[in-house]
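Each residue of the sequence shown is one higher than the one before, starting from 591 at the first, in my numbering. Below: one structure, written as structure tokens.
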Amino acid sequence: MTPGDVAEVRTFIDDEPVSRASVDGWERRRVRAVLTKLGTRLGRRAVDELLDGRSVDELRGADLDDQRAALSDMKARLGHAGTYALIRNDLKVSEAMTRMALTVSRGRRTYAVARLQAPDRSAQQFAAWFTELTTLDREAEMMQACPDHYLLRGLVDGRQEVVETTGGAPTASRFIVDYNRTDDLTVPVDPGYPVQVAGQALLDDGTCIGGVRHQFRDHDGVLEALLTVEFPRAVPGWMVRQHQWHLAVEFGNWIRAGALPVRNHG
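Okay, here's the thing in structure tokens:
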């Protein structure tokens, strides 16, 4: 299924509607930022190899669907080991900054929130499809949803490894999402959204750095998604605001890819 096969996804940030063009524009800017980082750090020969002869400049001018596919394929060719090597310094810096933010925040949290609506889609079906991305380790579909994803994979213990740029942060970060642990989450359960996908975000030593609570419901034939990521309160506000767009991009693309139309029978 391609993104064009499904009905339009409506996006709300800070409870204000934003256009598909605005969401796509944010994604294109992040594509350019990631291509610049990869090109600078890897060098021309490595990039030519990973892009199978295409140039970064050519890809910058491609349409968004082509950019998504090519960038995802480029990262897959780089592989997990290559990804770790590429951003090893990013991960050191981001973990140190995260630990500092945790100390300064003293348990307080801040939230990035986006809401999406998709007509004729099922909350239960989409949540099941989304959960299978991790449990079945469908890495390509996880990766392609946002240019800021460097590595998303399901682990053998059922948790999810995430390496991504959070919002518009200058460095990529790495953490583990445990969807079986929610005790430390501060995002409240909204009883109006009966379908929940939630988990804590952890460093390797088990330190909880935040988490996600994504809540879904069906309302008058429309799938409604209330998407929330929680961060330490000391994380800069501009990063949190940028992550609202990150949520809009990745879940918009996931819904277009995985939310099958609800058919009426009889």
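Beta carbons: idealized from backbone N, C-alpha and C, even for Gly.
Close Cβ partners of residue i (< 6 Å) along its chain, the five nearest in sequence each way excluded
{"i": "HIS804", "result": "VAL787 and LEU817"}
{"i": "SER763", "result": "SER684 and THR756"}
Reduced DSSP secondary structure (H/G/I, E/B, other) of residue i
{"i": "VAL746", "result": "coil"}
{"i": "VAL694", "result": "helix"}
{"i": "VAL599", "result": "coil"}
{"i": "ASP656", "result": "helix"}
{"i": "THR673", "result": "helix"}
{"i": "THR700", "result": "strand"}
{"i": "ASP773", "result": "coil"}
{"i": "ARG644", "result": "coil"}
{"i": "LEU726", "result": "coil"}
{"i": "LEU605", "result": "The question names Leu, but residue 605 in the sequence shown is Asp. In this structure, ASP605 counts as coil in the three-state DSSP scheme."}
{"i": "SER662", "result": "helix"}
{"i": "SER612", "result": "helix"}
{"i": "THR818", "result": "strand"}
{"i": "ASP794", "result": "coil"}
{"i": "ALA788", "result": "strand"}
{"i": "VAL621", "result": "helix"}
Close-in-space but distant-in-sequence residues of the same chain around residue i (CB under 8 Å, 5 per side omitted)
{"i": "GLY782", "result": "ARG807"}
{"i": "ILE766", "result": "LEU745, ARG749, GLN750, GLU751, VAL752, ALA791, LEU792, LEU793 and ASP794"}
{"i": "ARG635", "result": "none"}
Test item: CB-CB of residue i and residue j under 8 Å
{"i": "GLU711", "j": "THR776", "result": "In the sequence as presented, Glu is not what sits at residue 711; that position holds Arg. Cβ distance not < 8 Å, so ARG711 and THR776 don't count as in contact."}
{"i": "ASP738", "j": "GLU754", "result": "yes"}
{"i": "LYS682", "j": "TYR740", "result": "no"}
{"i": "GLY842", "j": "VAL608", "result": "no"}
{"i": "VAL624", "j": "LEU649", "result": "no"}
{"i": "ALA659", "j": "GLN834", "result": "no"}
{"i": "LEU706", "j": "ILE845", "result": "yes"}
{"i": "GLY758", "j": "MET829", "result": "yes"}
{"i": "VAL819", "j": "VAL802", "result": "yes"}
{"i": "LEU640", "j": "LEU676", "result": "no"}
Proximity to residue i [Cα-Cα], best of the options
{"i": "ASP773", "options": "GLY758, CYS736 and GLY800", "result": "GLY800"}
{"i": "ALA735", "options": "LEU654, LEU628, VAL819 and ALA636", "result": "LEU654"}
{"i": "ALA717", "options": "LEU813, GLY672 and HIS739", "result": "LEU813"}
{"i": "ASP747", "options": "THR761, GLU729 and THR725", "result": "THR725"}
{"i": "ASP663", "options": "GLN715, ASN679, ASP638 and GLY651", "result": "ASP638"}
{"i": "ASP780", "options": "ALA652, GLY697 and ALA815", "result": "ALA815"}
{"i": "ALA730", "options": "GLY615, GLY669 and GLY697", "result": "GLY669"}
{"i": "GLU606", "options": "ALA704, ASN679 and ALA675", "result": "ALA704"}
{"i": "LEU628", "options": "ALA708, GLY848, ASP768 and TYR674", "result": "TYR674"}
Own chain residues within Cβ distance below 7 Å of residue i, not counting five before or after
{"i": "ALA857", "result": "The requested residue 857 does not occur in the structure, where the chain is confined to residues 591 to 856."}
{"i": "ASP642", "result": "none"}
{"i": "ARG618", "result": "LEU654"}
Inset, instruction - Taking 8 Å as the threshold, find out whether the segment 599-608 comes into contact with the segment 836-851 through three or more Cβ pairs. - result: yes
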